[in-house]
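From first to last, the protein sequence lines are chains A and B.
Here the first sequence is numbered in the working numbering, starting from -13 and rising by one per residue.
Here the second sequence is numbered in the working numbering, starting from 10 and rising by one per residue.
Yeah, the Cβ is synthetic: ideal placement off N, Cα and C, and Gly gets one too.
Since the structure is predicted, the reported quantities are computational estimates derived from the model, not experimental observations.
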Amino acid sequence: MTTQATSTLLRTENLRLYFRTTQGVVQAVDDVSFTMPRRDALAVIGESGCGKTSLVRAILRLLPSNVHTYSGNVFLNDIDVMKLSEERFRTNVRWTKMSLVAQAAMNALNPVLRVGEQVAEPLIVHQRLSKQAALAQAAEVFQLVGVSPDFLGRYAFELSGGMRQRAIIAMALITRPDLIVLDEPTSALDMLTQANIMNVLKGIKRDLEQSFIFITHDVSTTSELSDRGMVMYAGQIVELASAEQFYLDPLHPYSAKLMASIPTLKEKKELEFIPGQPPSLLNPPTGCRFADRCDRRFDKCDTEPPLQQLADGRWIRCWLYNK
Amino acid sequence: MQQEQALLSVQNLRTWFELRRWAFARAGWVRAVDGVSFDLPRGEALALVGESGSGKSTLARTILGLYKPTEGEITFEGMELSKLKASQMREYRQDMGYIQQDPYGALPPFLSLRSILSEPLRIHGIKDKKEQNDLIRNVLTEVKLTPVDDFLTKFPHMLSGGQQQRAVIARAMILNPKLIAADEPVSMLDASVRVEILKLLRRIQESHNLAVIYITHDLSTVRYFAERIFIMYAAKTVEKAPVESLLENHFHPYTQALLAAIPDPDPENAKTLRDVPPGEPPSLVHPPTGCRFHPRCPQAIKGLCEVEEPPQFTLLPGHTVECWLYKDRDSKTE
């Protein structure tokens, strides 16, 4: 992979995260390598159980207690953050360099603390600001996400769903991290509120040149905020392409089928579906992991295809495009 | 707009829930459904679209007989629901199927698929084992849970999400109903499975000439799976139209905002901001006076919209809208 010290924000190499369960070892993230430039919005797309959230956990080192294997490298600004001690990672990287808008986080706000205090907390903890200075900055960030600073003194139950989600985004933004990871940021919200939140995120991207990793199973919503799309299937990257390439002309048979299953409002098309289910990650198939559901399968698919870059710049894991 | 032989007819339906303080004193009402009227002919799929809390599920559950209407009439095949006795209510329920949103939550975890499907048969008086067995096999084949023998002994947790939803559909279909209410039947499923389940529902609807009430917040699936669409906002149906007519001409400012807010997968989306009204839907305990959308409406008429509730105007054949903007364009007043 190309490395340009100035433009690369995040790079993972052979990242693996396996979990121990009663049935065996689940290979949730299996050999994931990708590079992300600065000021980029990367959409991670895939079905439930394909390893999207586990990938975030691996990058942010938010590991549960049943980890079996956690290996590979994560370079942030060309520093291998996997090599840092837990304490240094906590003080120097997590939330100061990378922050997270977790799934359904708006329902996890502390009910007995004022919203402003919770949003300001990362500054008090990580940058040792006084409470007053931190609250002043929280007021600024509130304005960025379209919430009146009057709301700083309110409690979570006094805020609507959309307002709570904005407060969570403010909390991720307040330390001005290099990278914000959004895990299903709009999936529990109504349609108009969802569009409003996406407008807020687009504004932050445009005005602050913020980088995002945006995870969702809703492909239509990812197109609102992405420069590139990364499709995961059964713990692996199967396609990584620019937004134009991905939304208009997906190449991997899985991405193409997935796009064909998305209903569209503006035009009527014949919808398709993918028969069968993704393979178990306890014991993934040895060849291509999509082969069983693929209608373009041929003999070569019994061996595992590598992730390769094509002439047009996109990465793909499929024998059909192997030169 | 009275069609002859409508399967289901709903007139001016209101379902309000009482709010109590200290268990006795009445503190107010949640007006979950507030004045809804429509006719549903046999074999038609009707989509109810709206945000959470707009009253879509309450409307469906009132029609199913799970809630008592506060006011208004529900007529099913000429029988008026409020006049039915308990024993007749059981017969009425036999003609209704209900598909819940969360298939795993809707299936009892300690019953096998065979027990889950034989229970409605027993309750409705089909006690013969052989007859039960035949019916169960037929319905499982119809929802494509085959080979049937493998699935009969399975428990819900052994099925994938899509298979669970098929089992819920099988249970809704086992008494051969005339109407099915599907409450967000695919919102918990992955995109690649969604279409499969919706196509299955559509096929069952056509082969049994079923009336379907399809509740969803996802407007983009509606064009593929329904003939008519009602847009609900704050307990009212603000726009009612055939699907194609609505997608071509959306009159109500809320419908317009909704259609503008929904993205199709297109890389151009990232380059522009969407024009959507700010704010949130109103409280149903103290709804705004006049039109309920007026506080968020960019086209509100001062002195009218906040004072008087808009009546229903008919703009195109079968296409009605509750909005004052169209008071001079009504083609026939109802």
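For Val186/A, the enclosing alpha helix (DSSP H) begins and ends at 177 to 194. Beta-bridge annotation (DSSP): Met22/A is paired with Leu(-4)/A. Counting along the chain, Val247/B sits inside the beta strand (DSSP E) bounded by residues 245 to 251. The alpha-carbon of Arg180/B is positioned some 8 Å away from that of Pro129/B. Judged by their CB atoms, Pro292/A and Arg303/A are nearer to each other than the 8 Å cut-off. The count of Cβ pairs closer than 8 Å, one atom from the segment 215 to 224 of chain B and one from the segment 243 to 258 of chain B, stays below three, leaving the stretches out of contact. Contact between Glu86/B and Leu16/B holds: their C-beta atoms lie close to 6 Å from each other, under 8 Å. Nearest Cα to Ala120/A within the set Val127/A, Ile110/A, Asn63/A: Ile110/A. Gln13/A is bridged by DSSP to Tyr4/A. With respect to the C-alpha of Arg283/A, the residue from Gly215/A, Glu73/A, Pro239/A having the closest C-alpha is Pro239/A. Per DSSP, the unbroken alpha helix (DSSP H) holding Glu73/A starts and ends at 72 to 78. Taking CB atoms only, Ser51/A has no neighbour in chain B less than 8 Å away. Under the Cβ distance rule, Glu33/A counts among the residues neighbouring chain B, one pair being separated by less than 8 Å. Per the C-alpha coordinates, the member of Gln110/B, Asn147/B, Arg237/B positioned closest to Leu126/B is Asn147/B. Beyond the five residues adjoining it in sequence on each side, Ile45/A comes within less than 6 Å, by CB distance, of Val60 in the same chain, given in chain order.
Setting aside the 5 residues that flank it on each side, Ile238/B is surrounded in the same chain by Ala56, Val58, Val231, Ala250, Val252, Leu255, each with a C-beta closer than 7 Å to its C-beta; the list follows chain order. With the rule of 3 Cβ pairs closer than 8 Å, the segment 30 to 39 of chain B does not count as touching the segment 272 to 284 of chain B. Those residues of the segment 153 to 172 of chain B placed with their C-beta closer than 7 Å to a C-beta in chain A are Ser169, ordered along the chain. Inside the segment 190 to 248 of chain A, DSSP marks whole alpha helix (DSSP H) runs of 4 or more residues at positions 205 to 208, 229 to 234, 239 to 246, from first to last along the chain.
The beta carbon of Val205/A sits closer than 8 Å to some beta carbon of chain B. Ranked by Cα distance from Ser173/A, the options His112/A, Thr207/A, Val15/A, Thr7/A are led by Thr207/A. Cβ proximity to chain A below 7 Å picks out His226, Leu228, Ser229, Thr230, Arg232, Tyr233 from the segment 217 to 250 of chain B. Counting the other CB atoms within 10 Å of its CB gives Leu268/A a total below 16, which places it among the exposed residues. Using a CB distance cut-off of 8 Å, Asp176/A counts as an interface residue toward chain B. Neighbours of Ile271/B in chain A, taken as residues at a C-beta separation under 7 Å, are given in chain order as Met177, Leu251. DSSP places Ala54/B inside the beta strand (DSSP E), whose first and last residues are 54 to 58. Per DSSP, the unbroken beta strand (DSSP E) holding Ala27/A starts and ends at 27 to 31. Along the segment 255 to 280 of chain A, going in chain order, the ones with a CB nearer than 8 Å to a CB of chain B are Leu257, Glu258, Phe259, Ile260, Pro261, Gln263. Taking the Cα of Leu(-4)/A as reference, the smallest distance to any Cα among Val42/A, Lys191/A, Glu126/A, Gln123/A is reached at Val42/A.
A direct Cα-to-Cα measurement between Gly139/A and Ala124/A gives close to 11 Å. Against chain A, the CB of Glu289/B has a partner CB under 8 Å away; the residue lies at that interface. With contacts defined as CB atoms closer than 8 Å, Ile189/B and Ile108/B qualify as a contacting pair. Rounded to the nearest angstrom, the Cβ distance from Gln173/B to Pro165/B is 6 Å, consistent with a contact under 8 Å. Nearest to Glu126/A by alpha-carbon distance, out of Ser51/A, Gln113/A, Met157/A, Glu258/A, is Met157/A. Among the CB atoms of chain B, one or more fall inside 8 Å of the CB of Gly148/A. When C-alpha distances from Met216/A are compared across Leu28/A, Arg2/A, Arg80/A, Leu86/A, the shortest belongs to Leu28/A.
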